[in-house]
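Have a look at the structure below, then the notes.
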């Protein structure tokens, strides 16, 4: 599982990014979860968030994916921003392997 972040990561006091941000899951099935506008018509633009405590993708109550500042621990929960389920096998997980790509 993972995320595509549409903007470079940076510490910010609020969410940032664009609707190109999405999350995905590869197991137990392959699934892509693009941004979904809120049912009430509000923006629901909780794309990327980063602080000294860690970084997250998605919001509106729960991060679709959150990694702590050391990138050793993470959480995943159902997320309204992407209409995604918990992406991991359990809400709290230990990071065993991390892949980062920078596209130019």
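Numbering (the UniProt record's numbering), first residue to last: 1 to 104.
All C-beta atoms, glycine included, are put in the ideal place defined by N, C-alpha and C.
Annotated as distal: residue 84 and residue 91, with beta-carbon spacing of 8 Å or more. For the beta strand (DSSP E) assignment, the uninterrupted runs of no fewer than 3 residues enclosed by the UniProt domain "TLDc" (1-104) are, from N- to C-terminal side, 2-4, 22-25, 31-34, 48-51, 54-57, 65-68, 73-75 and 92-94.
About 11 Å separates the beta carbon of residue 1 from that of residue 32, a gap too long to meet the 8 Å contact definition.
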